[in-house]
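A short worksheet on the structure shown next.
Residue numbers (the working numbering), protein chains in the order written: chain A, 335 to 928; chain B, 31 to 724.
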């Protein structure tokens with residue numbers, strides 16, 4: 335089909351947007367196809383994007399929400415360093431959190447796209463690499479206290495100059511990471527994605543010319559901005575502040591860390607302000623600005639009614655403020671490898687502020703994000719093993735429906751490790767994996783039930799590392815809904831040796847010892863005494879709510895197996911409970927003494 | 031003389047195609063009868079027989095249907111229970127945690143096929159090496175069986191951990207359930223999918239159990255009706271992998287039938303590719319609501335190892351899984367987008383023009399049908415531009431209202447965007463085409479193929495209308511349109527072969543020390559699998575000379591997390607050769623190979639066992655039913671050219687000499703559009719060949 339030259343009607347713009355989005359997805363798929371490591375395949379912890387010549391995001395491929403906005407921040411840092419010294423065939427790599435990066439395992443790769451002698455666009459990728467050196471395998475310890483312990487720090491540097499690899503940089507990477515073949519393999523995947531982008535852009539440039547592509551990229555951003563502003567404008571104005579907490583940073587054990595989020599909404603603009611949040615902490619859970627922004631945008635996007643393409647236009651309509659020196663925007667040399675936890679809690683916190691403004695749109699708190707579990711050591715034959723898993727799984731009750739259970743936290747969209755693969759590849763036996771009844775916060779729409787998983791060590795010994803949270807600050811409930819159960823770590827459960835372990839730990843696990851992790855249950859939404867009998871009937875017959883909990887939390891009288899609800903007795907019980915209890919709070923929290 | 035009959039049941043229509051040894055084709059298209067699909071089949075057979083002169087004997091009945099997938103989509107399967115290893119009954123519900131949509135607080139997981147109260151646990155444990163860690167506990171088994179009886183469960187799936195390594199406990203439980211509750215349907219996970227990873231295996235077994243009673247009942251009724259209608263011909267069912275199976279196999283493993291409808295068209299494309307010596311072909315099937323693209327290379331379809339049933343259509347996002355029910359059985363790989371004739375054209379909140387995925391469906395249908403549709407659709411756009419005949423579709427049985435279509439399009443699109451009616455209509459077709467490009471790119475570019483190296487085979491009611499535009503956008507030079515494109519899927523059934531797919535988990539590592547030993551293990555496992563395949567084919571009456579096998583190993587570099595299938599030579603070859611084969615396959619798929627000496631891990635084996643037909647299934651040429659029709663012409667609008675009087679020809683008017691576009695070939699069930707700059711010819715076999723300008 336022929337193109338009328340120099341004319342961008344609505345059809346042309348839509349076709350260009352579609353082509354750009356398809357290209358972003360193809361880049362992401364290229365990384366998926368060609369990468370080496372399970373981090374990328376199982377967890378999909380990578381993103382790909384196209385940016386304009388100034389580093390503004392034009393299109394982002396499939397990705398984890400945690401990477402939203404990270405690419406333009408990093409690319410602009412690279413542009414600040416190299417300015418005009420960019421040549422065709424150059425490739426820039428970087429991971430330094432204090433020069434545009436996120437945390438050290440996230441390596442960015444950028445490649446300029448030239449047309450008739452000038453940069454018209456950038457291909458950009460970010461991948462979470464298996465290891466970048468530092469004191470622990472995986473480079474993600476939560477108890478480092480300085481970035482210098484966390485691994486190899488790469489400021490924006492040219493990995494290729496005019497098509498020629500920089501041997502020095504490659505050799506330094508090779509010598510500083512534990513699994514160089516995987517890291518170099520995954521870097522190759524990033525380069526392959528950039529090449530796909532270059533080919534795709536060549537077709538668009540041939541059709542529209544450099545000026546046309548610039549114009550159409552700008553129109554693409556304007557379109558997202560328009561959609562975002564329309565969606566924001568449809569909401570009432572207002573301002574609300576919400577506080578949530580991280581239990582502790584593992585270094586200052588037991589010292590709670592406040593996150594404070596203020597959402598201001600005026601007309602067609604929104605501001606998300608983290609002023610008042612904790613100063614940066616000793617442990618490695620400090621955020622860079624771009625990660626705070628990612629959590630903020632994810633919360634805002636999920637509450638807005640429109641699914642707008644992710645690009646600079648969205649960022650123009652939503653402003654994020656994070657004071658330097660706080661956990662939301664740390665200064666060097668703060669450690670940040672395990673800042674994933676802070677991102678999850680920021681999402682809960684920002685959604686909490688949005689819930690105060692728009693109570694009919696926002697669910698209660700999720701399980702609080704994933705728990706990272708690593709078990710490593712040597713098997714009977716002396717071969718080293720390392721098992722890394724992330725468990726997540728329940729959503730808070732929603733104003734229109736129950737929270738999900740057995741579903742990833744939406745900030746990460748990660749898969750869990752298959753049990754049979756864990757057992758086939760590691761000296762571990764998994765004793766159970768399932769839903770924990772009664773653990774979700776009661777509500778008119780209840781929170782999702784927690785998941786738990788239990789392991790037995792079969793080798794002589796190994797090192798167990800756990801990064802969990804929400805053990806003291808439980809997931810909040812909303813509009814009368816109750817908080818979910820806290821998370822819990824147990825050693826040798828259901829024996830006389832059973833005892834509780836802290837949420838964050840590093841310890842030796844010996845042969846025959848059993849470790850159990852239970853995630854937190856999600857918060858409930860709305861008054862549990864108004865929960866529909868039909869829903870409770872299902873909860874009871876499915877064994878998700880027990881007979882005792884039904885009476886205590888929901889005012890429902892049930893007997894038998896399968897349990898049947900006595901409606902008349904239940905109405906009476908509900909009336910009694912309503913008369914004696916305190917009024918329902920808008921936000922229900924519960925803090926457990928450690 | 032006898033003919034063979036292909037029957038494809040879709041949601042709206044049941045298509046029947048009969049072909050005799052001379053290649054003469056008879057077709058019938060009738061409304062499906064969802065209350066009892068066999069009624070529609072018998073009516074269709076009667077019509078076929080009447081049209082063919084009533085003297086022909088039915089030699090074979092080949093069948094694909096949406097019955098299994100509908101049962102899943104509508105949740106209308108049997109009352110099903112699941113028996114698992116103690117501690118793991120929630121695996122089915124937890125799935126792999128992933129969800130298909132980001133930023134969507136309203137996301138709703140598909141409800142598990144087996145509710146929690148019917149997910150029963152039995153104490154037992156097998157280790158990954160197949161040894162028994164805990165024997166089967168009779169007490170918990172008895173309790174589970176009592177529960178099945180008390181709940182009047184109709185079908186049960188059994189899925190124990192590591193049963194792929196040793197199915198002894200699953201078998202024992204199946205035997206105990208069968209003895210206690212005769213008549214209950216039983217699906218053992220290791221029998222359906224003897225592969226590592228508990229969730230895919232459990233989910234597949236649960237799907238099988240959920241649809242088994244329904245499919246068995248349907249097949250029983252169909253066999254009875256056929257017998258009652260005097261048809262003694264053998265009945266074969268198409269599987270999602272494109273191979274035919276006996277009713278006995280289908281009753282036992284109905285999970286293999288779930289995606290048989292869409293598979294049939296690609297099977298037909300593969301047969302044509304072999305017959306016409308087309309090395310690389312993209313099948314493009316566009317109907318009323320969706321468009322599907324498949325790949326044929328070297329005469330073979332490309333497989334996918336898993337599908338998500340009810341997951342909706344591709345949104346450029348095949349990596350985001352979890353939308354439907356996971357079925358990990360081999361199927362023909364298809365990429366689907368929500369773009370069909372009924373797709374609705376709209377402006378979004380910010381004024382951007384969008385096509386689909388909402389569809390006007392058959393009711394109310396496009397505005398031009400005059401059945402109450404008010405929003406313009408792709409079919410309305412095609413009508414406005416003159417590409418469709420205002421006198422009507424389906425040989426004039428359905429009149430089309432061009433004025434109504436134009437008014438709707440002007441109101442919804444053209445006026446708000448400040449475009450002429452024709453520009454707007456054509457623009458919407460281009461946007462729909464962009465969506466279809468994503469489907470084609472998903473099966474080519476994402477697999478390392480360049481679409482420009484392929485020809486496009488277009489079928490389905492709307493495929494031949496869009497094929498030339500789509501090919502031009504993708505840089506494809508040639509488009510083929512088969513006879514009777516509107517019912518090509520039913521035709522595909524007629525050229526399928528009996529085929530069974532087997533798979534096994536197997537873990538072995540090949541490095542410089544262990545290569546020989548691990549290859550011996552691989553070769554012996556492959557031989558065992560092949561014996562199993564040979565036995566099944568022999569039992570179905572295929573002598574050794576008509577058996578063919580294709581084995582492959584799933585392999586990866588140590589440290590990688592996903593595997594690629596590496597074809598194994600028919601006879602045991604030296605071990606070093608396998609690593610070399612793997613490396614070149616890796617290079618072809620991913621664009622690079624590791625340095626020689628890098629250890630390779632094998633994780634599984636797969637075998638395709640084919641029963642070859644006695645006679646070639648595809649005749650020398652296809653003699654299509656062509657109603658006599660005079661050449662006409664009508665005005666059509668083309669971008670940059672405006673309105674042009676465009677010849678409208680019957681297929682028979684095309685010959686070996688290419689005719690230049692614009693022209694339209696009008697058929698009973700489809701319209702072929704040859705735009706300006708392209709040309710069209712017909713070949714001896716009966717295909718229309720469209721060549722695009724440079």
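Just so you know, even glycine gets a beta-carbon here, dropped at the ideal spot from N, CA and C.
Exercise for the section: Kindly say whether residue 629 of chain B, judged by its beta-carbon, lies nearer than 8 Å to any beta-carbon of chain A. Expected result: As a first step, residue 629 of chain B is located in the second chain; it is residue number 599 there, counting from the start. The beta carbon of residue 629 of chain B sits no closer than 8 Å to any beta carbon of chain A.
Exercise for the section: Name, in chain order, the residues that DSSP records as bridge partners for residue 828 of chain A. Expected result: The count along the first chain starts at 1 and reaches residue 828 of chain A at position 494. Residue 828 of chain A pairs with nothing; no bridge assigned.
Problem - Beta-carbon spacing of residue 699 of chain B, residue 491 of chain B below 8 Å - result: As a position in the second chain, residue 699 of chain B is number 669, starting the count at 1. As a position in the second chain, residue 491 of chain B is number 461, starting the count at 1. Contact flag set, yes.
Practice task
Return helix, strand or coil for residue 517 of chain B, following the three-state DSSP convention.
Solution key: Here residue 517 of chain B is taken as the residue at index 487 of the second chain, counted from 1. Helix.
Handout entry: Element boundaries [alpha helix (DSSP H), containing residue 261 of chain B]
Key = Numbered from its first residue, the second chain carries residue 261 of chain B at position 231. Careful: residue 261 of chain B lies outside any alpha helix (DSSP H) and carries neither H nor E.
Practice task
Could you tell me whether the segment 447-464 of chain B touches the segment 517-530 of chain B, where touching means 3 or more Cβ pairs closer than 8 Å?
Solution key: no
Practice task
Let me know if residue 104 of chain B comes out buried or exposed under the rule of 16 or more other beta-carbons within 10 Å of its beta-carbon.
Solution key: Counting from 1 along the second chain, the entry for residue 104 of chain B is found at position 74. Burial call: exposed.
Exercise for the section: Identify which residue in B:161, B:366, B:524 has its Cα closest to the Cα of residue 268 of chain B. Expected result: Locating residue 268 of chain B in the second chain gives position 238, where the first residue counts as 1. For the set B:161, B:366, B:524, the Cα lying nearest the Cα of residue 268 of chain B is the one of B:524.
Practice task
Count the CB pairs spanning the segment 377-388 of chain A and the segment 416-427 of chain A that are closer than 8 Å, and state whether there are at least three.
Solution key: Output reads no: the segment 416-427 of chain A does not touch the segment 377-388 of chain A.
Problem - Any C-beta of chain A under 8 Å from that of residue 475 of chain B - result: Taking the first residue of the second chain as position 1, residue 475 of chain B is located at position 445. Chain A, which has a Cβ nearer than 8 Å to the Cβ of residue 475 of chain B, makes this yes.
Problem - Inter-residue CB distance, residue 143 of chain B and residue 107 of chain B (contact presumed, cutoff 8 Å) - result: On the second chain, position 113 is the one that residue 143 of chain B refers to. On the second chain, position 77 is the one that residue 107 of chain B refers to. With a Cβ gap of about 7 Å, residue 143 of chain B and residue 107 of chain B count as contacting.
Exercise for the section: Return no unless some Cβ of chain A is closer than 8 Å to the Cβ of residue 247 of chain B. Expected result: The residue you call residue 247 of chain B lines up with position 217 of the second chain. Closer than 8 Å: no.
Handout entry: For residue 440 of chain A: DSSP bridge partner residues
Key = By 1-based counting over the first chain, the position of residue 440 of chain A is 106. Its beta-bridge partners are A:462.
Handout entry: Assigned secondary structure, residue 161 of chain B (DSSP; H/G/I helix, E/B strand, else coil)
Key = Translated into the one-based positions of the second chain, residue 161 of chain B becomes position 131. Coil at residue 161 of chain B, not helix or strand.
Exercise for the section: Take residue 221 of chain B as the anchor and find which of B:131, B:169, B:192, B:56 has the nearest alpha-carbon. Expected result: Taking the first residue of the second chain as 1, we reach residue 221 of chain B at position 191. Of B:131, B:169, B:192, B:56, the residue nearest in Cα terms is B:192.
Handout entry: Straight-line gap, residue 216 of chain B to residue 179 of chain B (C-alpha atoms, nearest Å)
Key = What you label residue 216 of chain B is simply residue 186 of the second chain in a count that begins at 1. What you label residue 179 of chain B is simply residue 149 of the second chain in a count that begins at 1. Taking the straight line joining both Cα atoms gives about 14 Å.
Practice task
Flag residue 716 of chain B as yes if its beta-carbon sits less than 8 Å from any beta-carbon of chain A, otherwise no.
Solution key: Taking the first residue of the second chain as position 1, residue 716 of chain B is located at position 686. Judged by the 8 Å Cβ criterion, residue 716 of chain B is not in contact with chain A.
Practice task
To the nearest angstrom, report how far apart residue 854 of chain A and residue 702 of chain A are at their CA atoms.
Solution key: Numbered from 1 along the first chain, position 520 holds the residue referred to as residue 854 of chain A. Numbered from 1 along the first chain, position 368 holds the residue referred to as residue 702 of chain A. Roughly 7 Å separates the two Cα atoms.
Exercise for the section: Answer with buried or exposed for residue 474 of chain A, where buried requires no fewer than 16 other C-beta atoms within 10 angstroms of its C-beta. Expected result: Looking up residue 474 of chain A in the first chain gives position 140. Residue 474 of chain A comes out buried.
Exercise for the section: Round the Cβ separation of residue 351 of chain A and residue 643 of chain A to the nearest angstrom and send it over; I've been treating them as touching at under 8 Å. Expected result: Here residue 351 of chain A refers to the residue found at position 17 of the first chain. Here residue 643 of chain A refers to the residue found at position 309 of the first chain. Residue 351 of chain A to residue 643 of chain A, Cβ: 7 Å. Contact.
Practice task
Using 10 angstroms around the beta-carbon of residue 670 of chain B, count the other beta-carbons present and answer buried if the total reaches 16, otherwise exposed.
Solution key: Against the second chain, residue 670 of chain B aligns to sequence position 640. Exposed, since its Cβ has fewer than 16 Cβ neighbours within 10 Å.
Handout entry: For residue 819 of chain A, three-class secondary structure by DSSP
Key = By one-based count along the first chain, residue 819 of chain A stands at place 485. Three-state DSSP puts residue 819 of chain A in coil, outside helix and strand.
Exercise for the section: With DSSP as the reference, label residue 324 of chain A as helix, strand or coil. Expected result: The shown model of chain A, from 335 to 928, leaves out residue 324 of chain A, and the question about it has no answer.
Practice task
Report yes or no: do the segment 695-711 of chain A and the segment 789-799 of chain A share at least 3 C-beta pairs separated by less than 8 Å?
Solution key: yes
Practice task
In angstroms with no decimal places, state the Cα-to-Cα distance between residue 699 of chain A and residue 610 of chain A.
Solution key: The residue you call residue 699 of chain A lines up with position 365 of the first chain. The residue you call residue 610 of chain A lines up with position 276 of the first chain. Those two C-alpha atoms are separated by around 21 Å.
Practice task
Say whether chain A places a C-beta atom closer than 8 Å to the C-beta of residue 355 of chain B.
Solution key: Translated into positions along the second chain, residue 355 of chain B becomes position 325. No, no contact with chain A.
Handout entry: Candidates B:358, B:709, B:666, B:299, of which the one nearest residue 691 of chain B by Cα
Key = For this step, residue 691 of chain B is matched to residue 661 along the second chain. For the residues B:358, B:709, B:666, B:299, the minimum Cα distance to residue 691 of chain B belongs to B:709.
Exercise for the section: Rounded to whole angstroms, what's the CA-CA distance from residue 512 of chain A to residue 485 of chain A? Just pull it up for me. Expected result: Reading the first chain from its first residue, position 178 is the one you call residue 512 of chain A. Reading the first chain from its first residue, position 151 is the one you call residue 485 of chain A. Whole-angstrom Cα-Cα distance: 10 Å.
Handout entry: Beta-carbon proximity of residue 880 of chain A to residue 815 of chain A, cut-off 8 Å
Key = Walking along the first chain from the start, residue 880 of chain A turns up at place 546. Walking along the first chain from the start, residue 815 of chain A turns up at place 481. The answer is no: Cβ separation not under 8 Å.
Problem - Backbone secondary structure at residue 45 of chain B - three-state DSSP - result: Looking up residue 45 of chain B in the second chain gives position 15. The DSSP-derived three-state label of residue 45 of chain B is strand.
Exercise for the section: Would you kindly report the start and end of the unbroken alpha helix (DSSP H) that includes residue 198 of chain B? Expected result: Along the second chain, one-based indexing puts residue 198 of chain B at 168. Residues 198-210.
Problem - Classification of residue 536 of chain A by the beta-carbon crowding that lies within 10 angstroms, buried from 16 upward - result: Reading the first chain from its first residue, position 202 is the one you call residue 536 of chain A. By the neighbour-count rule (16 or more Cβ atoms within 10 Å), residue 536 of chain A is not buried but exposed.
Problem - Coarse secondary structure for residue 783 of chain A, derived from DSSP in three states - result: Locating residue 783 of chain A in the first chain gives position 449, where the first residue counts as 1. Correct three-state label for residue 783 of chain A: coil.
Handout entry: Beta-carbon proximity check, residue 435 of chain B vs residue 401 of chain B, cutoff 8 Å
Key = Here residue 435 of chain B refers to the residue found at position 405 when the second chain is read from its first residue. Here residue 401 of chain B refers to the residue found at position 371 when the second chain is read from its first residue. No, the pair does not count as a contact, with Cβ atoms beyond the cut-off.
Exercise for the section: Could you tell me whether any Cβ in chain B is nearer than 8 Å to the Cβ of residue 914 of chain A? Expected result: Position 580 of the first chain, counting from 1, holds the residue named residue 914 of chain A. No, residue 914 of chain A lies away from the interface with chain B (no Cβ there is under 8 Å from its Cβ).
Problem - Near-chain B residues of the segment 536-562 of chain A - C-beta to any C-beta below 7 Å - result: 557, 560, 561
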